[in-house]
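Visitor: Chains as they are written, first to last, in my numbering: chain E, 10 to 235; chain L, 2 to 124.
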Amino acid sequence: MERVPLERKVLSENDRIAAELRARFQEHGVLCLNFISSPGSGKTSLLECTLENLPRHDRVAVLTGDIQTDNDAARLKRFHFPVKQITTGGTCHLDARMIERHLADWRLEDLDLLFIENVGNLVCPSSYDLGEAAKIVVLSVTEGEDKPLKYPSIFFKSDLLILNKIDLLPYVPFDIAAAAENARRVHPGMEIVKVSCLTGNGLHEWLMWLEQRRHANKAGAMQPVG
Amino acid sequence: MGIAYSVLAAVRTEMKRHPDKIPGKVGVRVGELAALDPEALRFCFEAITRDTDMESLELEIEVCPFRYRCLGCGHEFVVHDYETRCPQCADLKTECIGGQELDLAYLEVEEYGASTAGAKSTQ
Chain E
10 MERVPLERKV
20 LSENDRIAAE
30 LRARFQEHGV
40 LCLNFISSPG
50 SGKTSLLECT
60 LENLPRHDRV
70 AVLTGDIQTD
80 NDAARLKRFH
90 FPVKQITTGG
100 TCHLDARMIE
110 RHLADWRLED
120 LDLLFIENVG
130 NLVCPSSYDL
140 GEAAKIVVLS
150 VTEGEDKPLK
160 YPSIFFKSDL
170 LILNKIDLLP
180 YVPFDIAAAA
190 ENARRVHPGM
200 EIVKVSCLTG
210 NGLHEWLMWL
220 EQRRHANKAG
230 AMQPVG
Chain L
2 MGIAYSVLAA
12 VRTEMKRHPD
22 KIPGKVGVRV
32 GELAALDPEA
42 LRFCFEAITR
52 DTDMESLELE
62 IEVCPFRYRC
72 LGCGHEFVVH
82 DYETRCPQCA
92 DLKTECIGGQ
102 ELDLAYLEVE
112 EYGASTAGAK
122 STQ
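1. For the stretch 36-49 of chain L and the stretch 73-86 of chain L, state whether three or more C-beta atom pairs, one from each stretch, are separated by less than 8 Å.
2. Between the Cα of E:L172 and those of E:R12, E:G211 and E:M10, spot the shortest distance and give me the residue it belongs to.
3. Specify, as a first and last residue, the run of the beta strand (DSSP E) that L:I98 falls within.
4. Would you check if the distance between the CB atom of E:N127 and the CB atom of E:F44 is smaller than 9 Å?
5. Does DSSP put E:I76 in a helix, in a strand, or in coil?
6. Does DSSP classify E:Q35 as helix, strand or coil?
7. Can you check whether the CB of L:K26 is closer than 9 Å to the CB of L:E109?
8. Under 6 Å Cβ to Cβ from L:D104, same chain only, skipping five residues before and after it: list those, please.
9. Would L:F101 and E:F164 qualify as a contact pair, given that the criterion is a beta-carbon distance under 9 Å?
10. Please go through the same chain and pick out, in chain order, the residues whose beta-carbon is closer than 6 Å to the beta-carbon of E:R31, but skip the five residues on each side of it.
11. Taking the runs of the alpha helix (DSSP H) that are 4 residues or longer, which of them lie wholly in the stretch 136-200 of chain E?
12. Taking only three categories from DSSP, how would you classify E:N6?
13. Which residues bound the beta strand (DSSP E) around E:F124?
14. Check each candidate in E:T100, E:V204 and E:D168 and name the one with the smallest Cα separation from E:D176.
15. Quick check: what's the CA-CA separation for E:E61 versus E:E190?
16. For E:T151, which residues from the same chain have a beta carbon less than 7 Å from its beta carbon, with the 5 sequence-adjacent residues on both sides left out?
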């Protein structure tokens, strides 16, 4: 018997494609954000509110993933930005190859911002790099405040936590301070914004975060490479 | 399931370099924070190798603890209960050095016929 060292990532093929995507995004100055949450946390609603608040001429596009149906794409197309549904047909996460394939007929030079709405799942999407500049995890107040402790990987890897549906706080036993504390135990210093897509509360803070990221991305893209 | 398929695909790719051998065991490292349950991986792996040419392939999973290194004193420690402060000098400036692994460590290959030799002798 002979032992052959492999010493590479299990997802090295995914990571290779993701690295290519990241290089292309950087080359064209596209800020790519990957939204991850459990099903029903409000990723699509948050994107609706976001697109609604962006100027019509903004260079924004959305890829939205689901196991079945193109319902989310239909909801998001109302805002007249390019939207494409990725139907995974059973797979519980998006992978880099799906992103590459669905970007094939979009010109990245025409975009500044690409939102990716992952399949609703707090587990597997955290393992698959899509070439994004940042992951954003959405947690709604109808879920448990211990979610960051139960699913630490995604909270550890995300730059921002969006606590959604805060309009429901009077009706649900959700301890928002404990949720924030749990998130920061897993990810010290994690940025957190609290929003309600229904009332619009907190949206300004989220849009400010987005604007800052876009600004930083643009400044970074203008730096000479090497 | 996707991870199990990726492991299997890597084994198949590697086996092309050893055409006269058969795969014996594949070693995978899974970090505590890799969002992957080792038992679920084992279950999926068995499901996709059963009744195939890869049925004899064993899967060995090494679970890697969530580890940090202190940027102050250099002490490396296993993190319990998400306490990332250095247990030696109480410094808060620490960095993650382990726990997110999802790595292929090794593949054990055997001479073709080595594992069937015993079966033959009992015939």
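Cβ atoms here follow ideal geometry from the backbone N, Cα and C, with glycine treated the same way.
Guide: Judging by the given coordinates:
1. Touching, no, given that fewer than three Cβ pairs across the two stretches are closer than 8 Å.
2. Here residue 172 of chain E corresponds to residue number 163 of the first sequence, with the count starting at 1. Of E:R12, E:G211 and E:M10, the residue nearest in Cα terms is E:G211.
3. In the second sequence, residue 98 of chain L corresponds to position 97, counting from 1. Its beta strand (DSSP E) spans residues T95 to G99.
4. Within the first sequence, the letter at position 118 stands for residue 127 of chain E. Within the first sequence, the letter at position 35 stands for residue 44 of chain E. A Cβ-Cβ contact shorter than 9 Å links E:N127 with E:F44.
5. Here residue 76 of chain E corresponds to residue number 67 of the first sequence, with the count starting at 1. In this structure, E:I76 counts as coil in the three-state DSSP scheme.
6. What you label residue 35 of chain E is simply residue 26 of the first sequence in a count that begins at 1. Residue state, collapsed to three classes: helix.
7. Within the second sequence, residue 109 of chain L is the residue found at index 108, counting from 1. Within the second sequence, residue 26 of chain L is the residue found at index 25, counting from 1. One thing to note: L:E109 has its Cβ within 9 Å of the Cβ of L:K26.
8. Position 103 of the second sequence, counted from the first residue, corresponds to residue 104 of chain L. Around L:D104: R30.
9. For the purposes of this step, residue 101 of chain L is taken as the residue at position 100 of the second sequence. For the purposes of this step, residue 164 of chain E is taken as the residue at position 155 of the first sequence. It should be pointed out that residue 101 of chain L corresponds to Gln in this sequence rather than to Phe. Not in contact: L:Q101 and E:F164 (Cβ atoms no closer than 9 Å).
10. By one-based count along the first sequence, residue 31 of chain E stands at place 22. Within the same chain, E:R31 has close Cβ partners G140.
11. Here the runs fully enclosed are 156-159, 161-166 and 185-195.
12. The question about residue 6 of chain E has no answer, for chain E in this structure spans 10 to 235.
13. The residue you call residue 124 of chain E lines up with position 115 of the first sequence. According to the DSSP assignment, E:F124 belongs to the beta strand (DSSP E) that extends over L122 to E126.
14. To locate residue 176 of chain E, count along the first sequence from 1; it is residue 167. For the residues E:T100, E:V204 and E:D168, the minimum Cα distance to E:D176 belongs to E:V204.
15. Along the first sequence, one-based indexing puts residue 61 of chain E at 52. Along the first sequence, one-based indexing puts residue 190 of chain E at 181. About 31 Å.
16. Working through the first sequence from its first residue, we reach residue 151 of chain E at position 142. Excluding residues up to 5 positions away in sequence, K174, L177 and V181 lie with their Cβ nearer than 7 Å to the Cβ of E:T151 in the same chain.
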